[in-house]
Structures are given as structure tokens and as C-alpha cells.
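Novice: Residue numbers for the sequence shown follow the numbering used here, so the first one is -15 and each next one is one higher.
Next up is a structure, given as C-alpha cells.
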Amino acid sequence: MDVPISDPNFGLLNTCQCKQAEKEVRQRDKLWQQSNLQAFESKTFETFNAHIVGVNESFARAKAFAQAPKGWLLLVGGYGCGKTHLAAAIANEAVRREYHTIFMVVPDLLDYLRSTFGPSSEVAYDERFEKIRNIKLLVLDDLGAESSTAWAREKLFQIINHRYNNHLPTVFTTNVDLDKLDPRIASRLLDVELCRQTVIQAKDYRQTTRNNNIRYK
């Protein structure tokens, strides 16, 4: 800055507007690549039909959570009711707000961790595991669809338990009864002080909306 030598800002470097804009673009690109949302880019609150019977409450809760991620949110519902769309919408909105976010389908998450054991992996298991369990916002889709191996159960529990103990913002979707989940995980999801549960009562949109453009999972 062009200021006298006695000025406290003398000698300080300031990023020019053009470079600052480039920096912000790089930051947004980094957040987007990290988010794993490439296949869910179109799943936003704007593309979700909130007027369908049975989705109003869940839509409102999901939108509120996305604006200020805090605690846990559990979206429960049958196949095709819109829970994945809402979960992805939360993640997309969080990334737009420059929130470090990862969206993962649970079985894919476990495969993502297993892949580090391969000889061609360039990422260490510990590095990937720590990134997942400490990310600022983690969105786990299709909880309960994972394999029932001891390794899968233990790794998933370790991630969820860490986030539970540290009260890290987390979103879950599931179409199974909680009593069918690992009891350790179900117990944490039932903690009403941390986790808010919302049940989507809507029918399967894949079957009821074949003649329009609404598609949900």
C-alpha cells in the first residue's frame, strides 16, 4: 500500500481484485471436487417439488439445516420418496456457501476406503479415513445398504461415533427401520439432543410421476 512508513499497513501485501477473484474460483472448484456431488449437481432445493403430499416438513427441515449445518439430520422414507434429493440439496447448498462437504452413498464410502489397500492407490488409508470422519459436513446416503462384514460395520461405526462424540454436522438417509441397523449406530441416531429425525411420507415418485419430469430417489 502507498502509505507512510509510520503507517501500520506499510509493507503489507494485499491481493488485487483480479487475483482475489481467481483465488475464490479456485476455492469453489476445490470444494466442488472434494464434495463428490458431480452426479448429483441437479439435486437442489430449486429442483425439488415441495408441493407433493408428504414432503413439506422434511423439505423445510432440510432447507433450514443447509443454511446453518448443526447437529445431525436423519431423513427416513421408502424408495423413491425424495430423501436422496433432499440430502444432495443440503450438500449442494453447503458447498455453495463454501462449507467443506462430502456426500457419499454408504456402500460407496466403504469401497472408497477399501480402495486405499490396492497396490495402485496413491492415498494412504489413514489419510482418507481422517478426511471422511473430520470433514465439516458429511452426508451419508442409504445407511443400512452397506455389507454386513465385520470390517464394514466397524469402520462405519468408527466414523459415526467420532462425529457423534465431536458433534460434527452430519446428514443421514435410510429406508430401513433403525432396529435393523448396528445397535451402536441406532442408539446415537436416537439421541434427540443431537439428531433430528424426519419421516418422508410421500409415495415412490418413480412410479407415480412417469408422465412428468420429476425424478427422485
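Beta carbons: idealized from backbone N, C-alpha and C, even for Gly.
Within a Cβ cutoff of 6 Å, which residues of the same chain sit near F29, ignoring the five residues on either side of it in sequence?
Specialist: K47 and A73
Novice: For T100 versus V89, is the C-beta distance shorter than 8 Å?
Specialist: No; because the gap between Cβ atoms is not below 8 Å, this pair is not in contact.
Novice: Would you tell me roughly how many angstroms separate the C-alpha atoms of N20 and L122, rounded to the nearest one?
Specialist: 11 Å
Novice: Alpha carbon to alpha carbon, how far is T31 from K67?
Specialist: 13 Å
Novice: Taking all protein chains shown into account, do 16 or more other C-beta atoms lie within 10 angstroms of the C-beta of P152, making it buried, or fewer, making it exposed?
Specialist: At residue 152 the sequence reads Leu, which differs from the Pro that was named. The residue is buried, with at least 16 neighbouring Cβ atoms inside 10 Å.
Novice: Starting from F156, trace the beta strand (DSSP E) in both directions and tell me its first and last residue.
Specialist: T154 to T158
Novice: With H, G and I counted as helix, E and B as strand and the rest as coil, what does DSSP make of I36?
Specialist: coil
Novice: Can you give me the C-alpha to C-alpha distance between V164 and K14, rounded to a whole angstrom?
Specialist: In the sequence under discussion, the amino acid at residue 164 is Lys, which differs from the Val named in the question. Answer to the nearest angstrom: the Cα atoms are 37 Å apart.
Novice: Out of N33, K187 and L124, which has the shortest C-alpha to C-alpha gap to P91?
Specialist: L124
Novice: Opposite L121 in the DSSP bridges: which residues?
Specialist: T85
Novice: According to DSSP, is Q181 helix, strand or coil?
Specialist: The answer is strand: DSSP assigns Q181 an E or B state.
Novice: Shortest alpha-carbon distance to I203 belongs to which of V60, C65 and L127?
Specialist: A question about residue 203 goes unanswered here, because the residues of the chain that appear run from -15 up to 201.
Novice: Figure out for me which residue from N159, L162, K120 and D161 has the closest Cα to the Cα of I143.
Specialist: K120
Novice: Shortest alpha-carbon distance to S132 belongs to which of R147, D166, R172 and I184?
Specialist: D166
Novice: Would you report the Cα separation of D175 and E25, rounded to the nearest angstrom?
Specialist: 31 Å
Novice: If I follow the unbroken alpha helix (DSSP H) through V90, where does it start and stop?
Specialist: In the DSSP annotation of this structure, the continuous segment of the alpha helix (DSSP H) that includes V90 starts and ends at V90 to R98.
Novice: For a test of the three-state rule: what should DSSP assign to V79, helix, strand or coil?
Specialist: helix
Novice: If you reduce the DSSP assignment to three classes, tell me which class L212 lands in.
Specialist: This structure gives no information on residue 212, because the portion of the chain shown stretches from -15 to 201.
Novice: Measuring alpha carbon to alpha carbon, tell me which residue in R168, A129, E111 and F87 is nearest V160.
Specialist: With distances taken between Cα atoms, V160 lies closest to A129.
Novice: Determine the direct distance from the alpha carbon of D(-14) to that of F(-6), and round the result to whole angstroms.
Specialist: 7 Å
Novice: Going by the DSSP bridge assignment, what does L21 pair with across the sheet?
Specialist: L21 is not bridged to any residue.
Novice: Kindly indicate the opening and closing residues of the alpha helix (DSSP H) around L173.
Specialist: P167 to L173
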